[in-house]
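Residue numbers (the working numbering): 344 to 624. Note sheet for the following structure.
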Amino acid sequence: MKKIGVLGTGTMGAGIIQVLAQNGYEVVLRARRQTSVDGGIAKVTKNLEKMVTKEKITAAEKDEILSRIHGSTDIEIVKDADLIIEAATEEMESKKALFAELDELCKPEAIIATNTSSLSITEIAAATKRPDKIVGMHFFNPVPAMKLVEIIKGMLTSDETRDTVVELAKILGKTPVEVEEAPGFVVNRILIPMINEAAGILADGVADAEGIDNAMKLGANHPMGPLALGDLIGLDVVLAIMNVLYTEYGDPKYRPHVLIKKMVRAGKLGQKTGEGFFVYN
Ligand code: CAA
């Protein structure tokens, strides 16, 4: 595998692009708008510059990594990629439309992976004529720092496809964990309800935001508190995942808290909009 396509240049897409290019892959990325293409490359550049400052890589290495990245708004750019990783909007209908388009466009032997954080791989694969080559490859935020990749087989994913992406995750310096298809997989089924519960504790006035986060950092040794983590992930993403858990399982324990709904409606999505449970500059 030499050339890897990435769709989407948000927080996750940019992180995935960086890690792939750092490990020697030629990366072709596609976003819908030119500002998103430029924004994705700018995020990677900024991160690599930080690494140069920390003397983890040289300026020449940074330039070499960046030279492996090419972007476009035209989906044709991923046409001859050996593998495509989709990290676009977390919405089933748009993912299905995208996968149907990729299926028509890409080489028949190409694997198409999705970075979905909770949606059904089997349902996404059903939009294509190559369900054996569709697989979940779920990275964690911030991608360059987080060691885990959840590898999810849909009902029709072949063992060969799974083995290929397990191998890729290892080449990227990550630890792959194979999980069965299920809403939220492993991490998000635990993590997202915890953030939802923290919002409930805040809404009930049990403690303030700082108190809740300090309690979990100092009392459970979490690297960051649940509310700051919600802000990092994005409260729109947190809400989308809670909705998937709630509708798929039908269990009231997964009901999204109204405070999170209100904050999303108000555009307080966390770090990416400058305000969530906390304020960011
Ligand atoms: N991009 C790239 N690298 C980053 C980064 C970023 N945004 N933030 C931190 N890092 C790197 C730093 O460069 C540093 O690397 P080196 O040690 O090689 O220099 C390392 O991470 C540690 O960073 P810091 O020392 O600056 O800060 P820290 O020790 O406080 O760690 C953290 C920051 C890694 C974010 C840590 O707080 C943490 O692990 N938090 C929990 C994150 C988490 O749970 N993520 C999962 C979210 S759920 C998800 O993503 C799935 C989903 O589907 C919603």
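For every residue, glycine included, the Cβ atom is placed at its ideal position computed from N, Cα and C.
A check of alpha carbon separations from residue 355 across 441, 525, 527 and 458 identifies 458 as the nearest. Residue 456 holds the alpha-carbon nearest to the alpha-carbon of residue 512 among 557, 399 and 456. The region 581-601 makes contact with the region 537-554, as at least three CB pairs between them are under 8 Å.
Here residue 482 carries a strand assignment [DSSP, helix/strand/coil]. The C-beta separation of residue 570 from residue 546 comes to about 11 Å, leaving the pair out of contact by the 8 Å criterion. Exclusion of the five residues before and after residue 444 leaves 418 as the residues of its chain whose Cβ lies within less than 8 Å of its Cβ.
The beta carbons of residue 405 and residue 446 sit about 35 Å from each other, so the pair does not count as a contact at 8 Å.
Counting only residues of its own chain and dropping the five nearest sequence neighbours on each side, residue 487 has a CB closer than 7 Å to the CB of 358, 361, 362 and 390. Under DSSP, no beta-bridge partner is assigned to residue 447. With distances taken between CA atoms, residue 366 lies nearest to 514 out of 514, 533 and 463.
Non-local beta-carbon contacts of residue 470 in its own chain, meaning distances under 7 Å to residues more than five positions away in sequence, involve 439, 442 and 443 in chain order.
By the C-beta criterion, the region 574-585 is judged not to be in contact with the region 557-564, since fewer than 3 inter-stretch pairs fall below 8 Å. Burial state of residue 533 is exposed, judged by a 10 Å Cβ sphere holding fewer than 16 other Cβ atoms.
When only Cα atoms are considered, residue 497 and residue 371 end up about 25 Å apart. Boundaries of the beta strand (DSSP E) harbouring residue 456: 454-457, taken from the DSSP string. Rounded to the nearest whole angstrom, the CA to CA distance from residue 420 to residue 382 is 17 Å. Here residue 437 is exposed. Its C-beta has fewer than 16 other C-beta atoms within 10 Å. In the DSSP assignment, residue 608 falls within the unbroken alpha helix (DSSP H) covering 601-608.
Secondary structure note for residue 378: it is in no beta strand (DSSP E), and the uninterrupted alpha helix (DSSP H) holding it is 377-396. Residue nearest to residue 520 within the set 606, 492 and 593 is 492 (criterion: CA-CA distance). By the neighbour-count definition (other C-beta atoms within 10 Å, threshold 16), residue 480 is a buried residue. In the DSSP assignment, residue 496 falls outside any alpha helix (DSSP H) and within the unbroken beta strand (DSSP E) covering 491-496.
Residue 439 sits in a helix when the DSSP states are folded into three classes. For residue 494, the closest C-alpha among the options 485, 392 and 505 is that of 505. Ranking 410, 524, 609 and 474 by CA distance to the CA of residue 503 puts 474 first.
Taking each of 616, 538 and 609 in turn and checking the Cα distance to residue 597, the smallest one comes out for 538. In this structure, the alpha-carbon of residue 585 lies about 42 Å from that of residue 402.
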